[in-house]
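Chains as they are written, first to last, in this note's numbering: chain L, 1154 to 1550; chain Y, 1154 to 1550.
We treat Cβ as the ideally placed atom computed from N, Cα and C, and that holds for glycine.
2 protein chains.
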Amino acid sequence: MSRYSERMTTIKASEIREILKLTQIEGLISFAGGLPAPELFPLEAMEAVSKEVIHNDGKLALQYSTTEGFKPLRNHIVNRMSKMQVKTTYENILITNGSQQGLDFSGKIFLDPDDIVICESPSYLGAINAFNTYQCQFREVETDDYGMKMDILEQTIIDNPNAKFIYIVPDFQNPSGKTWSLNRREELITLANKYDLIIIEDNPYGELRYEGESLPAVKSLDTKGCVVYLGTFSKTFAPGLRIGWVCAEDEILNKYILIKQASDLQTSSINQRELSAYLDKYDLDTHIKKLISVYKVRRDLMLDMMHKSFPKQAKYTVPEGGLFIWVELPEQIDTNALMVKAVKNKVAFVPGGSFFPNSDTKNTMRLNFSNMNEKNILIGIKRLGILLNEELLPERK
Amino acid sequence: MSRYSERMTTIKASEIREILKLTQIEGLISFAGGLPAPELFPLEAMEAVSKEVIHNDGKLALQYSTTEGFKPLRNHIVNRMSKMQVKTTYENILITNGSQQGLDFSGKIFLDPDDIVICESPSYLGAINAFNTYQCQFREVETDDYGMKMDILEQTIIDNPNAKFIYIVPDFQNPSGKTWSLNRREELITLANKYDLIIIEDNPYGELRYEGESLPAVKSLDTKGCVVYLGTFSKTFAPGLRIGWVCAEDEILNKYILIKQASDLQTSSINQRELSAYLDKYDLDTHIKKLISVYKVRRDLMLDMMHKSFPKQAKYTVPEGGLFIWVELPEQIDTNALMVKAVKNKVAFVPGGSFFPNSDTKNTMRLNFSNMNEKNILIGIKRLGILLNEELLPERK
């Protein structure tokens, strides 16, 4: 008998995390992480609210508090959900340690070994890792520019009666940057209702839109309470606080609360109060507008440089928001091998393979544009372009 | 097929949590929680370090950071572990969201459904809840004043070849207040080595000793790397930060790091830096001495009042440290029913039944003395004494 549980045989370290270790090299320009720009963190406001919370409510901020979370913060989240056109109440909000914890809990609540998770192809690596610890299997559904292809999704549901939920990132998906159309969102709800399936809607980037019109959250179209919405302040405020949330109907949310209690009792009292005080006193929308203005410039510059420097065989998405551009290269390119050369040339990206839970896709990469300044985007994409052109040179001879 | 995973059928809300809701009644004196005294939180120091961290390292404090945790904090913990006579390095420390998360991860890493957890009888409710989510079974081992009875423990191990670990709180146990002797600690290591079992040593209260001499942590006696030590700052600093840790040998700690990454990526960057700055600048030992001086008075007063007010048939432990006194009443007393009467009389405790994962023990209760001031301890124990005497009156007639 192994000393460890069965699940430990299937869990491996995140490749991205291993890659991020490589990117500590001096002078290396990294498009590998998914980090927000630290120069935009609201430090002065944070200093003010932190002082205020400790001064006025220190004893409560340092004490144990409820599993569900700080009620005024949950009410602020109700307000943010209304921007996604979701009507809800604080009683349907649970505070989590970032939305990663919401992903873990979703696995814990719904998945038995060999249950099926239906996801987009590619899908978010952090979700794949979280669900994997519950020994599930994945069925990837092909997407086009409007979301999952609905005929393939329905066939996948029919073929997999032990499918438990459909996991999607409908806005500026990580890693593809793609966004679901309103039609597809509506069709998804119809299918989930027809087959009595849960939808896990993971939306960390929805408020970071640089062009086009905002679309209602899938949760806002939910007619039977089948959608679990995961949100976070990591991309709109700061990830270091570890504040995310789950929004779900009563029966389902109660399961998340029970699991939260058994997992770590509660999210940090002081961080919840500080964020809530920030939302009382400052306008997060104004802050988000500032993020958008900076990130839009970086996205535009990266796309422009890719257009100029990348070989014509490289295809890539043009995301309307979020943090990522997704690149598809000719099939002979192995981006894992390319990454080694790239690091030698002081530029880094994430090879796309890890985002496919089942297939062994080697010719894709994810580029992040939020965490590097304009100068570095300029230089870094040039470096990457040179490398890609070299790789594809034999073909062009 | 159920919409939820199998594990959800066995999980129920913590009874303590439900009880704590009752104790919000005005004028009610509660010995039910396990909360530290908020009037002793180091608020001024917290205000100073919080300002310093945001001012000097704000961008790093609000950004994502490593899964393992903030290295200077891990080094501070190495220093604290040395007070428990454990020699370790920062590389063997993982920061968790309180030690409750360490409990959850222990279940996740070691337990498959129907695996056996060997625990003290009674055992800590939070651990029982955490392990339960991995569908394990429990074998309770009787304790005396020196720890588990070793002959019973060995027979339990022999009878349960699928036992995965032995879970213990060796110092001032929650709920019993009991402490393991040095001999028993050594015998435990010998048995664990003999049968190749993991020991989960949960030690939230070890530094809160009011009399007698400190004993080395079980981890300090570990010769083959079989002990996983769970620590926390919740009782010595403040629970609202949610900072605990796991200390284990390389191979095992790596499993905890993988699970941490999949569960919530990392513990709050800012809280880790604030606590680390506090430990740089202030003397936690001086603070702990202050806690000890206050808690010792409360313990002594509670024991004194129990001696004066409780009927002679009530037996109770005299803990040398920690937060709890454990009461055993005559068998005809059902403390769940008693609790309803107690709340009507504006005093509360935790009925002991929940601390026994298998048996249906109704005649016990746990009393907390850290969270109520002297006046309330005086009045509250009197109220409880009157109630207990009434309950036992028919017997005395």
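### Message
I'd like to know whether the C-beta of residue 1171 (chain L) is nearer than 7 Å to at least one C-beta of chain Y.
### Response
no
### Query
Shorter than 7 Å from the beta carbon of residue 1211 (chain Y) to some beta carbon of chain L?
yes
### Task
In the DSSP assignment, find the unbroken alpha helix (DSSP H) run with residue 1304 (chain Y) in it and report its ends.
Secondary structure note for residue 1304 (chain Y): its alpha helix (DSSP H) is the uninterrupted segment 1303–1312.
### Task
Name, please, each residue of chain Y whose Cβ falls closer than 9 Å to the Cβ of residue 1374 (chain L).
By Cβ distance, chain Y contributes nothing, its closest Cβ being about 20 Å from residue 1374 (chain L), past 9 Å.
### Query
Counting contacts by CB-CB distance shorter than 7 Å, is residue 1402 (chain L) in contact with chain C?
As a matter of chain content, chain C is missing from the structure shown, whose protein chains are L and Y.
### Task
Could you confirm whether any beta carbon from chain Y is found closer than 7 Å to the beta carbon of residue 1377 (chain L)?
no
#### Entry: residue 1521 (chain Y) in three-state terms, based on DSSP
Residue 1521 (chain Y): strand per DSSP, three-state reduction.
#### Entry: residue 1392 (chain L) versus L:1253, L:1203 and L:1229, residue with shortest Cα-Cα distance
L:1253
### Query
Any C-beta of chain L sitting closer than 7 Å to the C-beta of residue 1291 (chain Y)?
Interface with chain L (7 Å Cβ-Cβ cutoff): residue 1291 (chain Y) is excluded.
### Message
Counting only C-beta atoms, is residue 1389 (chain L) closer than 7 Å to chain Y at any point?
### Response
Chain Y contact via Cβ: absent.
### Query
Looking only at C-alpha atoms, which of Y:1371, Y:1331, Y:1454 and Y:1345 sits nearest to residue 1362 (chain Y)?
When only C-alpha atoms are compared, the closest one is Y:1331.
### Query
Mind checking whether residue 1251 (chain L) and residue 1426 (chain L) have CB atoms under 7 Å apart?
Their beta carbons are not under 7 Å apart, which means residue 1251 (chain L) does not touch residue 1426 (chain L) by this criterion.
### Query
Counting along the chain, where does the beta strand (DSSP E) carrying residue 1321 (chain Y) start and finish?
1316–1321 is the span of the beta strand (DSSP E), which, as asked, contains residue 1321 (chain Y).
### Task
State the CB to CB distance for the pair residue 1323 (chain L) and residue 1371 (chain L), rounded to an integer number of angstroms; the pair is presumed to be in contact (CB under 8 Å).
6 Å
### Query
residue 1165 (chain L): which of L:1527, L:1510, L:1535 and L:1413 sits nearest, CA to CA?
L:1510
### Query
For residue 1378 (chain L), which option in L:1390, L:1347, L:1367 and L:1222 has the closest C-alpha, if you only look at C-alpha atoms?
L:1347
### Proximity winner among Y:1262, Y:1225 and Y:1205, relative to residue 1248 (chain Y) (alpha-carbon distances)
Y:1225
### Task
Can you say whether residue 1411 (chain Y) is buried or exposed, counting buried as having 16 or more other CB atoms within 10 angstroms of its CB?
buried
### Message
At a CB distance below 7 Å, what residues from the region 1487–1516 of chain Y approach chain L? Give them in sequence order.
### Response
none
### Message
Checking 7 Å against the spacing of the C-beta atoms, do residue 1486 (chain L) and residue 1544 (chain L) come in under that value?
### Response
yes
### Message
Measuring straight from C-alpha to C-alpha, what distance separates residue 1200 (chain L) and residue 1198 (chain Y)?
### Response
15 Å
### Task
Consult DSSP for residue 1430 (chain L) and reduce its assignment to one of helix, strand or coil.
helix
### Message
With a threshold of 7 Å between beta-carbons, can residue 1321 (chain L) be considered close to chain Y, or not?
### Response
no
#### Entry: Min CB distance residue 1451 (chain Y) to chain L below 7 Å
no
### Task
Could you check if residue 1539 (chain Y) is buried or exposed, using at least 16 other CB atoms within 10 Å of its CB as the buried criterion?
exposed
### Query
Given a threshold of 16 other Cβ atoms within 10 Å of its Cβ, counted over all protein chains shown, does residue 1230 (chain Y) qualify as buried or as exposed?
buried
### Query
Quick one: does residue 1225 (chain Y) have its CB under 7 Å from some CB of chain L?
no
### Query
So, does the CB of residue 1253 (chain L) fall closer than 7 Å to a CB anywhere in chain Y?
yes
### Query
What does residue 1389 (chain Y) pair with, by DSSP beta-bridge criteria?
In DSSP, residue 1389 (chain Y) forms no bridge with anything.
### Query
If you count every other CB in all the chains shown that lies within 10 Å of the CB of residue 1209 (chain L), and 16 or more means buried, which is it?
exposed
### Task
Could you tell me which chain Y residues have their CB closer than 8 Å to the CB of residue 1159 (chain L), listed as they occur along the chain?
1265
### Task
Could you check which residue in Y:1474, Y:1447 and Y:1497 has the C-alpha nearest to that of residue 1191 (chain Y)?
Here the closest residue by C-alpha is Y:1447.
### Task
Determine, using beta-carbon pairs with one atom in the region 1455–1467 of chain L and one in the region 1297–1312 of chain L, whether at least three such pairs fall under 8 Å.
Touching, no.
### Message
Three or more C-beta pairs under 8 Å: does that hold for the region 1405–1420 of chain Y against the region 1272–1292 of chain Y?
### Response
no
### Query
Between residue 1188 (chain L) and residue 1388 (chain L), what straight-line distance do the alpha-carbon atoms span, to the nearest angstrom?
C-alpha separation (whole angstroms): 8 Å.
### Message
Among L:1432, L:1264 and L:1327, whose alpha-carbon lies nearest the alpha-carbon of residue 1350 (chain L)?
### Response
When C-alpha distances from residue 1350 (chain L) are compared across L:1432, L:1264 and L:1327, the shortest belongs to L:1264.
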